[in-house]
Amino acid sequence: MSQELRMVEQNRYDDEIDLYELIEILVRNKKTVIVTFILCFFISLGAALYVRSNREDYLVKNILIEKNDYKINGLNTINPDDIFLRDERIEAFYQIEALNNEYKKEIPQAEQDISSKRKFLQEMIKTSKNEKVLTVKTKFILDEKSTQDILNTYVNMLNEIDNLTQVVRQNKNMRIAQIEELKNQMKVVESKISEIFKNDRILNGLKPEEQIVYIQYKYPELSLERTGLEKYYKGYTDNLVELNSIDENEKRVRAISDTYFVKGETKAKLILAVGAVMGVFLGIMMAFLKEFIDGYKKRYKKAN
Numbered sequence: 627m628s629q630e631l632r633m634v635e636q637n638r639y640d641d642e643i644d645l646y647e648l649i650e651i652l653v654r655n656k657k658t659v660i661v662t663f664i665l666c667f668f669i670s671l672g673a674a675l676y677v678r679s680n681r682e683d684y685l686v687k688n689i690l691i692e693k694n695d696y697k698i699n700g701l702n703t704i705n706p707d708d709i710f711l712r713d714e715r716i717e718a719f720y721q722i723e724a725l726n727n728e729y730k731k732e733i734p735q736a737e738q739d740i741s742s743k744r745k746f747l748q749e750m751i752k753t754s755k756n757e758k759v760l761t762v763k764t765k766f767i768l769d770e771k772s773t774q775d776i777l778n779t780y781v782n783m784l785n786e787i788d789n790l791t792q793v794v795r796q797n798k799n800m801r802i803a804q805i806e807e808l809k810n811q812m813k814v815v816e817s818k819i820s821e822i823f824k825n826d827r828i829l830n831g832l833k834p835e836e837q838i839v840y841i842q843y844k845y846p847e848l849s850l851e852r853t854g855l856e857k858y859y860k861g862y863t864d865n866l867v868e869l870n871s872i873d874e875n876e877k878r879v880r881a882i883s884d885t886y887f888v889k890g891e892t893k894a895k896l897i898l899a900v901g902a903v904m905g906v907f908l909g910i911m912m913a914f915l916k917e918f919i920d921g922y923k924k925r926y927k928k929a930n
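Going by my numbering, the sequence shown opens with residue 627, and the numbers climb by one from there.
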């Protein structure tokens, strides 16, 4: 019984391939392993270089957008998304020669219109918001100056939307004119009241608080007119004080960083690493496959 077990055990070991045999197979077929690895490596290198050549680099600037509307009528809301809504703004960007040339090179002539210009520009300029801070990224094209021009044009358009200076001045002038008009109207009312005091003997015999009640009762329209004028006068003067407290030269769009360069991220290194690993793996697999085919051919010849 033990003799049979030893024979089975011996047969089992004879069918196994140990580590030394595997190494011998790889050594015998080292050319196959090396050639396969080199092919895979160069393919992945080509792919990595292609991906790297299409990397998108950016010039970046951080912009602070103040959202305070100061409760002033007519003050524009600064929304970066509105930059690309008006056709004249789109055309202003394409006054930059490098951008215009890049657009004509990328877009077929039959498709060149304001819509394609807008889409091309939106792909060129990327923005991201974080509370008050707007980060503007402009794709790096041709040279730094042209890319900087695109970025500056965008920021200048944001500044053009900010009409704080004009609106504050307009509101100040309007309030000053309204206050002067109210003063004139109040003088007319006071003149009428003075005439009443001259001509109404009953009024002159009353105490000051009684005079007010008397005028309200006997001359209600005049009393209401004076009350209304005084109310508007107080409101306008308070508003003028608020307007004077605002720095009309304040910019609601301010750069809070210098322009800086950001290198685009690519997967070139990952592609190269995966290619190298795959080259080793496929090289080993090809070596074993070649060994199997060679062994099969030998057995086939012996059988015949």
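Every residue gets a Cβ at the ideal spot worked out from N, C-alpha and C, and that includes glycine. Note that the coordinates shown come from a computational prediction; the quantities given were computed from them, not determined experimentally.
query: So, with DSSP's three-state summary, where would you put residue 883?; result: coil
query: If I follow the unbroken beta strand (DSSP E) through residue 761, where does it start and stop?; result: 759 to 765
query: Who are the near neighbours of residue 862 in its chain, counting only those whose CB is closer than 6 Å to its CB and skipping five residues on each side?; result: 801, 804, 805
query: Quick check on this structure: which residue in 698, 879, 748, 791 has the alpha carbon closest to the alpha carbon of residue 705?; result: 879
query: Hey, could you find the ends of the alpha helix (DSSP H) residue 866 is sitting in?; result: 846 to 871
query: Among all the DSSP beta bridges, which residues are the ones paired with residue 753?; result: 762
query: With three or more C-beta pairs closer than 8 Å as the rule, is the region 748 to 756 touching the region 853 to 868?; result: no
query: Leaving out the 5 sequence neighbours to the left and right, which residues in its chain are closer than 6 Å to residue 713 when beta-carbon positions are compared?; result: 740
query: Starting from the C-beta of residue 793, find all residues in its chain whose C-beta is less than 6 Å away, skip the five residues before and the five after it, and write them out in chain order.; result: 698, 700, 701
query: In chain order, what residues of the same chain have a beta carbon less than 8 Å from the beta carbon of residue 708, not counting five sequence neighbours either side?; result: 787
query: Are the beta-carbon atoms of residue 673 and residue 897 separated by less than 8 Å?; result: yes
query: For residue 885 and residue 770, what's the separation of their Cα atoms in angstroms?; result: 11 Å
query: Could you round the C-beta distance between residue 777 and residue 656 to whole angstroms and report it? I think they count as a contact, below 8 Å.; result: Contact doesn't hold; Cβ gap of about 55 Å is too wide.
query: Are residue 874 and residue 790 touching if we call contact CB-CB under 8 Å?; result: yes
query: For residue 915, which three-state DSSP category applies?; result: helix
query: Using a 10 Å radius around the Cβ and a threshold of 16 neighbouring Cβ atoms, would you call residue 703 buried or exposed?; result: exposed
query: May I ask you to report which of helix, strand or coil DSSP gives residue 729?; result: helix
query: State the CB to CB distance for the pair residue 693 and residue 755, rounded to an integer number of angstroms; the pair is presumed to be in contact (CB under 8 Å).; result: Contact doesn't hold; Cβ gap of about 11 Å is too wide.
query: Counting C-beta neighbours from all protein chains within 10 Å, is the total for residue 853 16 or more, i.e. buried, or is it exposed?; result: exposed
query: Can you tell me the Cα-Cα spacing of residue 868 and residue 876, whole angstroms?; result: 15 Å
query: Using a Cβ distance threshold of 8 Å, determine whether the region 820 to 840 contacts the region 659 to 668, with at least three qualifying pairs required.; result: no
query: For residue 875, name the three-state secondary structure that DSSP assigns.; result: coil
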